[in-house]
Structure formats: C-alpha cells, structure tokens
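Numbering-wise (our numbering), the sequence shown opens with residue 33 and increments by one. Backbone N, C-alpha and C define an ideal beta-carbon position, used for all residues, glycine too. Working notes, structure below.
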Amino acid sequence: MNTDTLAQPATSTTEKSIKKTGVLIVNLGTPDSPSVPDVRKYLREFLMDERVIDIPYLNRWFLINLIIAPFRAPKSAKVYKELWRPDGSPLKIYGYSVKEKLQKALGDEYVVELAMRYQSPSIEGALKELRKECFSEIIVVPFFPQYASASTGSVYKEVMRVVQDWEVLPEIRFVNRFLDHPKFIQGFADLAKKYMAQRKYGHFVFSYHGLPERQITKGDVTGSFCQFGTCCNQLDHRNQHCYRAQCFETTRLLVKALDLQEGTYTTCFQSRLGKTPWIKPYTDEVIPELTKKGVKNVLAFSPSFVADCLETTIEVGEEYKELFEKEGGQHWQLVESLNDSDIWIETLEDLITGRPKPAEIRA
Numbered sequence: 033m034n035t036d037t038l039a040q041p042a043t044s045t046t047e048k049s050i051k052k053t054g055v056l057i058v059n060l061g062t063p064d065s066p067s068v069p070d071v072r073k074y075l076r077e078f079l080m081d082e083r084v085i086d087i088p089y090l091n092r093w094f095l096i097n098l099i100i101a102p103f104r105a106p107k108s109a110k111v112y113k114e115l116w117r118p119d120g121s122p123l124k125i126y127g128y129s130v131k132e133k134l135q136k137a138l139g140d141e142y143v144v145e146l147a148m149r150y151q152s153p154s155i156e157g158a159l160k161e162l163r164k165e166c167f168s169e170i171i172v173v174p175f176f177p178q179y180a181s182a183s184t185g186s187v188y189k190e191v192m193r194v195v196q197d198w199e200v201l202p203e204i205r206f207v208n209r210f211l212d213h214p215k216f217i218q219g220f221a222d223l224a225k226k227y228m229a230q231r232k233y234g235h236f237v238f239s240y241h242g243l244p245e246r247q248i249t250k251g252d253v254t255g256s257f258c259q260f261g262t263c264c265n266q267l268d269h270r271n272q273h274c275y276r277a278q279c280f281e282t283t284r285l286l287v288k289a290l291d292l293q294e295g296t297y298t299t300c301f302q303s304r305l306g307k308t309p310w311i312k313p314y315t316d317e318v319i320p321e322l323t324k325k326g327v328k329n330v331l332a333f334s335p336s337f338v339a340d341c342l343e344t345t346i347e348v349g350e351e352y353k354e355l356f357e358k359e360g361g362q363h364w365q366l367v368e369s370l371n372d373s374d375i376w377i378e379t380l381e382d383l384i385t386g387r388p389k390p391a392e393i394r395a
C-alpha cells in the first residue's frame with residue numbers, strides 16, 4: 033500500500049475556488065410601484081429616518097404621517113408614473129444591471145448583493161443572504177459620491193443595526209465616498225463631451241441634492257469652521273466630511289476635466305423641503321439669474337446621483353428645463369447619470385478591490 037497517498041488530503045483548500053468577500057451595493061430606494069399607497073409607504077419610511085429629517089420623533093411623526101405623506105403622495109405618484117418604465121423603476125432596473133455586471137467583473141471570489149436603503153430589496157434581506165456564505169469580509173458601497181449623514185451615514189447605521197446581534201461578525205468595510213475617483217469624474221466628463229461636441233453651451237450648471245443648513249452645521253466637528261462661504265473653496269482635513277464642501281470639490285474636478293472657463297459654471301442645490309434654510313444657492317433661483325445675463329444654452333449635471341431617478345430625469349431634466357425656457361432660455365440639456373455604464377462598473381471594481389487609490393486629501 034502506498035502510504036504517501038494516504039497521508040495526502042483528498043482536496044486542498046488552496047485548490048478550491050473559495051468565495052471570500054461579500055459586496056453590498058446600496059442605493060437610496062424607490063417605491064414598489066407608482067401607485068399612491070406605495071408612494072405613501074415609501075415617503076413614510078424615507079422621511080421618518082431621523083438622519084433625513086432630524087427633528088424630535090413626535091414632531092417628525094406628526095409632520096410625516098399627518099401632513100407630508102397624505103398630501104404629497106398623490107402628487108409624487110403622478111410624477112413617478114411619468115418616470116416609470118414598463119419593467120419598473122429606473123433606479124431599481126439600473127441597480128440590478130449593475131449588480132450583474134459587477135459580479136461578472138469581480139469574479140467568483142466575490143458575491144454581490146443589491147439593496148435599497150428604503151423599501152425593497154432591503155439591506156436586512158441582502159445581509160441575510162450574505163451571512164449564509166460565511167465571508168471573511170463584507171464591503172458596503174453606498175451609491176452616494178459625496179458623504180452625508182442623511183445618505184451614506186444612514187446606510188452605515190442600518191447595516192450596523194442589522195449585524196449588531198450576529199454571533200459571528202466578519203470584517204465590514206464601508207466605502208465612505210468616491211467623488212474624487214478619477215473614473216467617476218471621467219464618466220461624467222465623457223458623457224458631457226458628447227453633448228459639447230454637438231452644441232456650444234453658454235453655461236454649465238452642477239445641481240446637487242440639497243440638505244438643511246442645520247445638518248451641515250451639526251457635521252462640523254470643529255464647531256467653528258463652517259461658515260457657508262469661503263470654507264467650501266477647498267476640501268481639506270477640516271471639512272472633508274462636509275457635504276456642501278464635497279459638492280464644490282466635485283464641481284472643481286469636473287471643471288478641470290472639461291477645461292471650463294471661470295465664470296461659465298455654477299454649483300447649486302435642488303429638492304429642498306419645508307421653510308427652514310437649506311444649503312445655497314438654490315437651483316431654481318439660479319436659473320432666472322442666468323437668463324437675465326443672456327444665457328441661452330445650458331448643459332446641466334446631477335453629480336450627486338449615479339443612477340437616473342426622479343431628481344435627475346424629472347426635476348433637472350424636465351422641470352428645470354421648463355423653468356429655463358419660461359425665463360427666456362432656449363436649450364437646456366441634462367447629462368445623464370452613469371447608470372450601468374462600463375466606466376461606472378470599473379469605478380466600483382476599483383473601490384472594492386482597492387486599486388487604484390484616489391488622490392489623497394490635501395493636508
């Protein structure tokens with residue numbers, strides 16, 4: 033008998049293809065359908081998040097359940113019906129497409145799951161699936177280029193809520209932001225160049241989702257740096273987590289990539305809710321100012337979104353276009369989001385695998 037044969041294990045673990053890493057990609061969310069009940073359900077879950085509307089619970093409950101959800105849901109449902117495709121919500125359609133493409137790009141050592149912060153597929157359900165695989169690491173990638181407590185921070189909180197009672201916790205790594213990733217910038221720049229080759233634009237509008245000013249102030253851990261002015265002119269260690277400063281930095285990077293001239297572009301903020309001050313300037317107030325200056329052609333961007341949705345396609349692409357034309361403008365063109373493009377998949381692959389490293393923050 034050959035004892036050497038007996039001494040060898042039947043199969044070495046190094047010879048197996050072991051799935052080592054779970055990847056959870058997360059976008060904000062979308063109603064399950066454009067019906068009023070589903071939109072109302074979505075609004076309640078979204079706006080009841082204390083990181084989204086950061087006021088005392090009882091005040092928030094009455095505001096959302098007795099005022100906003102009942103009255104806003106029918107109006108929002110009409111808009112969602114305009115956005116909806118035969119096969120569902122664009123946000124979810126692109127999400128599943130990205131999941132499939134990213135899985136193929138990463139290979140067998142990774143398992144990719146898609147989740148939405150609000151509604152389905154849920155973070156809890158996706159993590160339940162990843163838990164079964166006994167991964168050594170789970171990488172969470174919120175689909176928000178700029179960090180904000182109301183978006184990325186909320187994803188962090190929900191993930192930790194779900195896993196806090198797990199007996200075995202793998203290493204969990206969060207992607208904090210990716211506004212300065214070269215391929216993210218290149219993706220938007222390449223899309224813009226397609227339109228710039230077809231027409232000469234007099235101005236470029238970079239419209240980001242807004243936040244209440246109080247949330248920006250609360251995020252200033254120094255307690256004194258944030259002034260809503262020149263403090264956003266540079267991104268450094270003091271304001272690296274300030275959403276407004278990150279938005280201005282995103283604009284600067286895109287301006288450089290597109291070689292735009294000073295005075296031909298504006299950074300502004302959309303989607304404000306309520307009467308409290310939100311970060312400025314407001315996009316709907318910038319547009320009339322541009323037409324008064326004689327601007328006739330505008331190329332608009334929404335670089336706080338990676339997938340087209342209500343805020344890009346409808347708000348920036350249609351509502352702001354109507355406002356621009358009403359004020360005397362002639363041509364308003366929205367640059368679409370990265371959606372499921374090859375360069376977005378490459379960006380995600382880099383963020384997950386750690387190569388290459390984005391530019392370091394200036395000291």
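Separation of Thr-249 from Leu-211, as counted between CA atoms: Here residue 211 is taken as the residue at index 179 of the sequence shown, counted from 1. Here residue 249 is taken as the residue at index 217 of the sequence shown, counted from 1. In a straight line, the C-alpha of Leu-211 is about 21 Å away from that of Thr-249.
query: Which ranges would you report for the alpha helix (DSSP H) in the stretch 266 to 318 if only whole runs of at least 4 residues count?
result: Within the stretch 266 to 318, the complete alpha helix (DSSP H) runs of at least 4 residues are 275 to 290.
message: Using 8 Å as the cut-off, can you tell me whether the stretch 196 to 213 makes contact with the stretch 169 to 177, which would need three or more C-beta pairs spanning the two stretches below that distance?
response: Because the criterion of three Cβ pairs below 8 Å is met, the stretch 196 to 213 and the stretch 169 to 177 touch.
field: When Val-348, Trp-198, Phe-78 are compared against Leu-159, the one with the closest alpha-carbon
entry: Looking up residue 159 in the sequence shown gives position 127. Considering only alpha carbons, the answer is Trp-198.
task: Ignore the nearest five residues each way along the sequence and tell me which others in Glu-359's own chain have a CB closer than 7 Å to its CB.
output: Stepping through the sequence shown from its first residue, residue 359 is reached at position 327. Only Ile-319, Pro-320, Thr-323 meet the Cβ criterion.
- prompt: Exposed or buried, what is Gly-306 when buried is set at 16 or more other beta-carbons lying within 10 Å of its beta-carbon?
  reply: Position 274 of the sequence shown, counted from the first residue, corresponds to residue 306. Taking a 10 Å sphere around the C-beta of Gly-306, we find fewer than 16 other C-beta atoms and assign the residue as exposed.
message: Given a cut-off of 7 Å on the beta-carbon distance, is the pair Phe-175 and Pro-335 in contact?
response: For the purposes of this step, residue 175 is identified with residue 143 of the sequence shown, where counting begins at 1. For the purposes of this step, residue 335 is identified with residue 303 of the sequence shown, where counting begins at 1. Not closer than 7 Å, so no.
query: If you count every other CB in all the chains shown that lies within 10 Å of the CB of Ser-152, and 16 or more means buried, which is it?
result: Within the sequence shown, the letter at position 120 stands for residue 152. Around the C-beta of Ser-152, fewer than 16 other C-beta atoms lie within 10 Å, and the residue is accordingly described as exposed.
query: Since Thr-379 is in the alpha helix (DSSP H), which residue starts that stretch and which ends it?
result: If you number the sequence shown from 1, residue 379 lands on position 347. Annotation for Thr-379: the continuous alpha helix (DSSP H) segment containing it runs 374 to 385.
- prompt: Leaving out five residues before and five after Ser-186 in sequence, what residues of the same chain have Cβ atoms less than 8 Å from its Cβ?
  reply: Taking the first residue of the sequence shown as 1, we reach residue 186 at position 154. Excluding residues within five positions, the ones whose Cβ falls inside 8 Å are Asp-81, Arg-83, Val-84, Arg-149.
- prompt: Is the beta carbon of Phe-337 sitting closer than 7 Å to the one on Ser-373?
  reply: Reading the sequence shown from its first residue, position 305 is the one you call residue 337. Reading the sequence shown from its first residue, position 341 is the one you call residue 373. No; because the gap between Cβ atoms is not below 7 Å, this pair is not in contact.
query: What are the complete beta strand (DSSP E) segments, minimum 3 residues, inside the stretch 51 to 109?
result: Taken in chain order, the complete beta strand (DSSP E) segments of 3 or more residues contained in the stretch 51 to 109 are 53 to 61.
query: What do you reckon, are the CB atoms on Val-143 and Gly-54 nearer than 7 Å?
result: Residue mapping note: residue 143 aligns to position 111 of the sequence shown, counting from 1. Residue mapping note: residue 54 aligns to position 22 of the sequence shown, counting from 1. Yes, Cβ-Cβ distance for Val-143 and Gly-54 is below 7 Å.
Per-residue DSSP class, three states only, for Glu-169: To locate residue 169, count along the sequence shown from 1; it is residue 137. In the three-state reduction of the DSSP assignment, Glu-169 falls in the strand class, which pools E and B.
Of the residues Lys-353, Val-130, Asp-70, the one placed nearest Ile-375, counting alpha carbons only: Here residue 375 is taken as the residue at index 343 of the sequence shown, counted from 1. Checking every option, the nearest Cα to that of Ile-375 belongs to Val-130.
query: Thinking just about the alpha-carbon of each residue, which of Asn-91, Leu-98, Glu-156, Leu-138 is nearest to the one in Val-58?
result: Position 26 of the sequence shown, counted from the start, is the residue given in the question as residue 58. Ranking Asn-91, Leu-98, Glu-156, Leu-138 by CA distance to the CA of Val-58 puts Glu-156 first.
message: For a test of the three-state rule: what should DSSP assign to Ala-147, helix, strand or coil?
response: Residue numbering aside, residue 147 sits at position 115 when the sequence shown is read from its first letter. Note: Ala-147 maps to strand in three-state DSSP.
query: Under the criterion of a Cβ to heavy atom distance below 6 Å, does Pro-88 qualify as lining the ligand NAD?
result: Absence of the ligand NAD from the depicted structure is noted, as is the absence of any ligand whatsoever, leaving it without description.
- request: Give every residue of the same chain whose Cβ lies closer than 8 Å to the Cβ of Asp-64, excluding the five residues on either side of it in the sequence, and list them in chain order.
  value: Locating residue 64 in the sequence shown gives position 32, counting from the first residue. Asp-70, Lys-73, Tyr-74, Gln-151, Ser-152.
- request: State the Cα-Cα distance for the pair Ala-332 and Lys-353, rounded to the nearest angstrom.
  value: As a first step, residue 332 must be located in the sequence shown, where it is residue number 300. As a first step, residue 353 must be located in the sequence shown, where it is residue number 321. Here the alpha carbons of Lys-353 and Ala-332 stand approximately 9 Å from one another.
query: What is the DSSP secondary structure of Ala-180, reduced to helix, strand or coil?
result: Here residue 180 is taken as the residue at index 148 of the sequence shown, counted from 1. In the three-state scheme derived from DSSP, where H, G and I count as helix and E and B as strand, Ala-180 is classed as coil.
query: Within 10 angstroms of its Cβ, does Gly-61 collect 16 or more other Cβ (buried), or is it exposed?
result: Residue 61 sits at position 29 when you count from the first residue of the sequence shown. When all chains shown are included, Gly-61 counts as buried.
field: Arg-193: first and last residue of the uninterrupted alpha helix (DSSP H) it sits in
entry: As a position in the sequence shown, residue 193 is number 161, starting the count at 1. For Arg-193, the uninterrupted alpha helix (DSSP H) run begins and ends at 186 to 195, by DSSP.
query: So, is Val-207 buried or exposed, given that buried needs 16 or more other C-beta atoms within 10 angstroms?
result: Mapped onto the sequence shown, residue 207 falls at position 175. Buried, since its Cβ has 16 or more Cβ neighbours within 10 Å.
query: By how many angstroms is the C-alpha of Val-68 removed from the C-alpha of Arg-76?
result: Stepping through the sequence shown from its first residue, residue 76 is reached at position 44. Stepping through the sequence shown from its first residue, residue 68 is reached at position 36. Take the alpha-carbon of Arg-76 and the one of Val-68: they are about 12 Å apart.
- request: Taking His-273 and Lys-328 to be in contact with their CB atoms under 8 Å, please state how far apart those CB atoms are, rounded to whole angstroms.
  value: Taking the sequence shown and counting its residues from 1, one reaches residue 273 at position 241. Taking the sequence shown and counting its residues from 1, one reaches residue 328 at position 296. The pair is not a contact, with the Cβ atoms about 38 Å apart (cut-off 8 Å).
message: Residues in the same chain with beta-carbon distance under 6 Å from Phe-280, minus the five sequence neighbours each way, listed in chain order, please.
response: As a position in the sequence shown, residue 280 is number 248, starting the count at 1. Closer than 6 Å at Cβ, skipping near neighbours: Cys-264, Thr-299.
message: On the DSSP bridge list, what partners appear for Ile-204?
response: Counting from one through the sequence shown, the residue named residue 204 turns up at place 172. In DSSP, Ile-204 forms a bridge with Ile-170.
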